[in-house]
Amino acid sequence: MATGGAPQLHELNDSPPYISGDGYAMALRAGADLIDMEFIDYQLLAAAPERIRGYPPHTSGFINAGAYLYNKDGERFMWRYDPERGERATRAIVNRAVGTEIYQGRGTESHGILLDARHVFDVVNNGATADIVRVFRNCGVDMAESPIEVASGPHTYLGGIRIDEWGRTTIEGFYAGGEAAGGIHGANRTGGAALADSYVFGLRAEIGAACEAGDRERPDPEGGGWREGIAWLEERANRSGGGGVDEIRREVQQVGTVTIGQIRDGDRLKKALTELDALERDNDEVSVSGDSPKKRWECMRRILETGNLIQVARMLTTAGLMREESRGGHFRFDFPDLDDENWRCNIVLRAHNGEISARREEIPGEGVGDPPPGVPSTAAIPVE
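Residue 1472 in this note's numbering sits at position 254 of the sequence shown, and the numbers go up by one each step.
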């Protein structure tokens, strides 16, 4: 399973529209464990103008050049969050600060904050940031004359399907890697680590799955319940109801952005569970519409994706509600401090009779388990 994360749960994101958490939802329904679903790596994205909303403008390049961050009141707010470094604090601190300013009502009308590089324009108009300056200029924003608006959006889901060091999940014969897998980075990650993760665990999962498959008999083509799945799809395609899937999807994204977004609290998280139940009922009754088979299939695809987003939102909410502290990519406004005594642990999710259950587990110690059957020694693994 290498289906990526679930950025489409959030209205502001920098990913393609089809990355909608399908792997997480399928794995949960199949009975696999998921881990660390409360942790998300955020980065600053363009909040305006609308035509490039979600564009990643490499804000660290501007900040390293000396750009400032202001809220709508004209305050350089980063000094409140990191009195020594200000805007040059770590990415995690900057993103949390931006999210908090917007959460507390000090954001712009576009729900962003202002990045001002006018005083260092000669620097940012050259080198790595020059192309970004041109992108904004082509969209009507001249960074020599005015700030740009940015806001925090999800960049990497740090949680996902639980795997071991060979990419094995808790279901026999089922492997996962990349952003679909969780538990590799912990509560946050360093820049570039996601790419290394995909290379390392992608290779190991590939080798493990291939070797294990070589020792297995060919599966029964009538097994697996695929006929029941086709029957369900046919029934769902002919179901008549009301509303439109795009409106429901926008409401789900609103829950993902505001109610269970970057800045969380217990009351909002509890409210989210109720809202998600109602949205799931609405999505289950949406008619599959379209005046051609292609359009009807497109509508059906979006219904299924929206259902998966709702399931992912439940996972995120369940884990976020359980973890009563703030750590890495998880911030609780009602529990703002790190609590190693009670919460230096993993939260593991599993579905039981259609309901998501959560449990705490100790962080595993160092050590490597037995490889999948037929896997050669590590030294013999080809890396070309």
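All C-beta atoms, glycine included, are put in the ideal place defined by N, C-alpha and C.
Remember, predicted model here, so these are calculated numbers, not experimental data.
- Within the same chain, no residue comes within 8 Å of D1495 by CB-CB distance, once the 5 residues on both sides are set aside.
- Checking the DSSP bridge columns, you'll see G1378 partnered with I1253.
- Boundaries of the beta strand (DSSP E) around N1564: 1563-1570.
- With a 10 Å radius around the Cβ and a threshold of 16 neighbouring Cβ atoms, L1413 comes out exposed.
- With 16 or more neighbouring CB atoms inside 10 Å of its own CB, Q1529 falls in the buried class.
- When G1279, V1316, A1283 are compared, the shortest CA-CA separation from W1297 is found for V1316.
- Here R1306 has I1281 as same chain residues with Cβ atoms under 7 Å from its own Cβ, once five neighbours each way along the sequence are excluded.
- Rounded to the nearest whole angstrom, the C-alpha separation of Y1260 and T1408 is 12 Å.
- DSSP places E1580 outside any alpha helix (DSSP H); the residue lies instead in the beta strand (DSSP E), whose first and last residues are 1573-1580.
- For D1291 against E1523, the beta-carbon gap comes to about 39 Å, at or over 8 Å, which does not count as contact.
- Contact annotation, V1470 with C1517: C-beta distance approximately 16 Å; criterion of less than 8 Å not satisfied.
- In the DSSP assignment, P1372 forms a beta bridge with Y1260.
- The beta carbon of F1553 sits closer than 7 Å to those of E1542, E1543, S1544, all from its chain and outside the five residues before and after it, given in chain order.
- For the pair G1508 and A1455, the Cα-to-Cα distance works out to about 11 Å.
- CA-CA distance, H1276 to N1501, rounds to 36 Å.
- Looking at the backbone, the Cα of A1369 and that of G1330 are separated by about 5 Å.
- In the three-state reduction of the DSSP assignment, Y1299 falls in the helix class, which pools H, G and I.
- The residues W1384, G1426, C1429, E1430, in chain order, have a CB closer than 6 Å to that of P1590 in the same chain once the five nearest residues on each side in sequence are set aside.
- Of the residues assessed, A1362 falls on the exposed side of the cut-off, its CB having fewer than 16 other CB atoms within 10 angstroms.
- Per DSSP, the unbroken beta strand (DSSP E) holding L1332 starts and ends at 1331-1334.
- Leaving aside the five residues that flank I1320 on each side, the residues in its chain whose CB is nearer than 6 Å to its CB run, in chain order, H1329.
- D1251 places its beta carbon 9 Å or farther from that of R1445.
- Put simply, the region 1229-1236 touches the region 1267-1274. At least three CB pairs are less than 8 Å apart.
- The secondary-structure analysis by DSSP pairs F1339 with nothing; it has no beta-bridge partner.
- With a 10 Å radius around the Cβ and a threshold of 16 neighbouring Cβ atoms, G1592 comes out exposed.
- In the three-state reduction of the DSSP assignment, R1407 falls in the coil class, being assigned neither a helical nor a strand state.
- For Y1286, the secondary structure class from DSSP, reduced to helix, strand or coil, is strand.
- In chain order, R1486, K1489, A1490, E1493 place their CB closer than 7 Å to the CB of T1477, counting only its own chain and leaving out the 5 sequence neighbours on each side.
- Here E1498 has I1528 as same chain residues with Cβ atoms under 6 Å from its own Cβ, once five neighbours each way along the sequence are excluded.
- One Cα belongs to D1254, the other to N1406, and the distance between them is close to 10 Å.
- The Cβ-Cβ distance between P1372 and G1587 does not fall below 9 Å.
- With respect to the C-alpha of A1576, the residue from M1540, L1451, R1436 having the closest C-alpha is M1540.
- The straight-line gap separating the alpha-carbon atoms of N1560 and H1337 is approximately 46 Å.
- Residue pairing by DSSP places E1367 opposite L1332 in a beta bridge.
- Straight-line measurement puts the Cα of A1248 at about 11 Å from the Cα of G1572.
- The three-state reading of DSSP puts A1243 in helix, counting H, G and I together.
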